[in-house]
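Take a look at the structure set out below.
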Amino acid sequence: MVAQHACECYAAAWHPVTPGITASAARDGGVRLWRMPSAAGELASTRARQSHDPGHRYHSAPALAREATTLTGLVPYAGVAATALAFDSGGHRLFVGFADGVVREMQVDLGHDAGAEQQATGQQPLRVAAGGGPAEPRSVPATSSLRPLRECKDTMGEPVTCVRVTPNDRR
């Protein structure tokens, strides 16, 4: 996954609802969503590698058949490193901290390319209405997307090194 960014990757977080989906944040300000290969049935081989443990000469390590697939990505502010990120408990929002001290909230819409129609509940994800209550169910888009919503500049000037979301998603 890191090799597919144009520069260093500073943070990563797993999607809390959809298995195999992860987000990453990079030095160039890029934020990406990825679909990771599942462990079941996608191992290409088991390679023998020399062990650094003096008691063992070789050990086996599984090799994945394919790499992660980029679902979507954006660079909200080019040149400002994205340094931390966290999903809300439903996976509909991604909060990204930047080196300039700003935390930006992004809407996450997983599409068919992310396997969104196969969620554990078997239901389509719900959107949150402007007033905070649930909105009407929506159809699952063909492709996943990230969309900037708002930003918090309360810590402007100091790099954001950690972002956490409260368990009940209070803002």
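Numbering (full-length UniProt numbering), first residue to last: 1 to 171.
The C-beta atom is built at its ideal place from N, Cα and C for all residues, glycine as well.
If you're wondering where the values come from, they're calculated on a predicted model, not measured in any experiment.
Counting the other Cβ atoms within 10 Å of the Cβ of Leu-85 gives 16 or more, which makes it buried. Selection Thr-83, Ala-68 and Pro-37 evaluated against Val-31 yields Thr-83 as nearest (Cα-Cα).
In this structure, DSSP gives Asp-88 a state outside helix and strand, which the three-state scheme calls coil. The distance from the Cβ of Val-80 to that of Phe-95 is about 15 Å, inconsistent with a contact at the 8 Å cut-off. Inclusion of Pro-19 and Ser-89 in the CB contact set at 8 Å is not warranted, their separation being larger than that value.
Taking a 10 Å sphere around the C-beta of Gly-157, we find fewer than 16 other C-beta atoms and assign the residue as exposed. A check of alpha carbon separations from Ala-114 across Val-75, Cys-7, Glu-151 and His-15 identifies His-15 as the nearest. Listed in chain order, the non-local C-beta contacts of Leu-71 below 6 Å within the same chain comprise Leu-33, Arg-35, Asp-113, Ala-114 and Ser-144, local neighbours out to five positions each way being set aside. For Tyr-10, the CB contacts under 6 Å within the same chain, skipping 5 residues up- and downstream, are Ala-25 and Thr-83 in chain order.
Under DSSP, Val-31 takes part in a beta bridge, and its partners are Ala-25 and Leu-74. Rounded to the nearest angstrom, the Cβ distance from Arg-93 to Glu-151 is 13 Å, too far for a contact under 8 Å.
Residue nearest to Gly-101 within the set Gly-73, Thr-155 and Asp-28 is Thr-155 (criterion: CA-CA distance). Between Arg-164 and the set Asp-109, Ala-12, Val-75 and Glu-67, the nearest pair of CA atoms involves Ala-12. Annotation for Val-75: Gly-29 and Gly-30 place their beta carbon closer than 6 Å to its own, counting only its chain and skipping 5 residues before and after.
In this structure, the beta-carbon distance from Val-108 to Leu-146 falls below 8 Å.
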